[in-house]
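J.: Input: one structure, supplied below.
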Amino acid sequence: MSYGDSLYSTLLFSAEEIEDSDEINKVDLMKYLPSYYRGVQEIEELQKQLGIEIHGLTTGVQDVLDQAYVETATWSLTRWEAELGLSSDPSKSYVSRREMIKAKRRGTGTTTPEMIQRTASAFAGGDVSVEEVPGEYRFIIRFIGILGIPPNMAGLIQIIDEIKPAHLAYEFAYTYTFWDSLKAISWNTAGTGTWNDLRTFG
């Protein structure tokens, strides 16, 4: 592109969609210069280095923005955990740590069945109901939106122990596959899985 084809002010290299590849020079700034600069080694090297810096800034801005949201945070999870008084364990997956953070945020304020339900749903990835048993000073957390046992039960138990009233006990109730729903599969299909696979067959 020559200088006469477009004014510099009408082209925004930062607005271009940058493809994710292994190339070092992600932003080609030479196309914004007059054509007579092509072949000038000093200019091309300068534009290459500037392109690398611009690409770093572009991706860096998005990375920083991602840290402001629990769902996309990575390296800032430690800050989220510290702010909420959670212990930080970098060996755990991002998913597990995000579940703990979301549950802790939902579990602030006066403890009610609704608040426990919101907290538990952060781990279950689906609908959860909380059933009170007042005469026995306990409640039941029932997973109705997911089959089987949610993966991060240790984290959920930790959060429930923190937010529930001390005098109340609790238990979990899980949902498994009904026998009638297994009629749709053949014995050959059933034979390829384990008993646990069938218990959570959807």
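In terms of my numbering, the sequence shown has 441 at position 34, counting the first letter as 1, and numbering is strictly consecutive.
Backbone N, C-alpha and C define an ideal beta-carbon position, used for all residues, glycine too.
What you are looking at is a predicted structure, and each value in this text was computed from that prediction instead of being measured.
Between which two residues does the beta strand (DSSP E) containing Leu554 stretch?
T.: For this step, residue 554 is matched to residue 147 along the sequence shown. 545-554 is the span of the beta strand (DSSP E), which, as asked, contains Leu554.
J.: Whole-angstrom Cβ separation of Phe550 and Tyr577, contact assumed at under 8 Å?
T.: If you number the sequence shown from 1, residue 550 lands on position 143. If you number the sequence shown from 1, residue 577 lands on position 170. Rounded, the Cβ-Cβ distance is 13 Å, inconsistent with contact.
J.: Does DSSP put Thr582 in a helix, a strand or coil?
T.: In the sequence shown, residue 582 corresponds to position 175, counting from 1. Thr582 falls in the strand class under three-state DSSP.
J.: State buried or exposed for Ile564, treating a residue as buried only when at least 16 other CB atoms are found within 10 Å of its CB.
T.: Counting from 1 along the sequence shown, the entry for residue 564 is found at position 157. Exposed, because fewer than 16 other Cβ atoms sit within 10 Å of the Cβ of Ile564.
J.: Distance, Cα to Cα, Ile461 vs Lys509?
T.: To locate residue 461, count along the sequence shown from 1; it is residue 54. To locate residue 509, count along the sequence shown from 1; it is residue 102. Each residue's alpha carbon lies about 34 Å from the other.
J.: At a cut-off of 7 Å, would you count Leu493 as near the ligand COA, judging by its Cβ distance to the nearest heavy atom?
T.: In the structure shown, the ligand COA is absent, as is every other ligand, since no ligand is present at all.
J.: What is the DSSP secondary structure of Tyr476, counted as helix, strand or coil?
T.: Position 69 of the sequence shown, counted from the first residue, corresponds to residue 476. Coil.
J.: Measuring only the C-alpha atoms, how far is Asp496 from Glu543?
T.: What you label residue 496 is simply residue 89 of the sequence shown in a count that begins at 1. What you label residue 543 is simply residue 136 of the sequence shown in a count that begins at 1. Their Cα atoms are separated by approximately 36 Å.
J.: Alpha carbon to alpha carbon, what distance is there between Tyr581 and Leu554?
T.: Against the sequence shown, residue 554 aligns to sequence position 147. Against the sequence shown, residue 581 aligns to sequence position 174. Straight-line Cα distance between these residues: approximately 7 Å.
J.: Go ahead and pull the three-state DSSP assignment for Ala489.
T.: Position 82 of the sequence shown, counted from the start, is the residue given in the question as residue 489. Here Ala489 sits in helix by DSSP.
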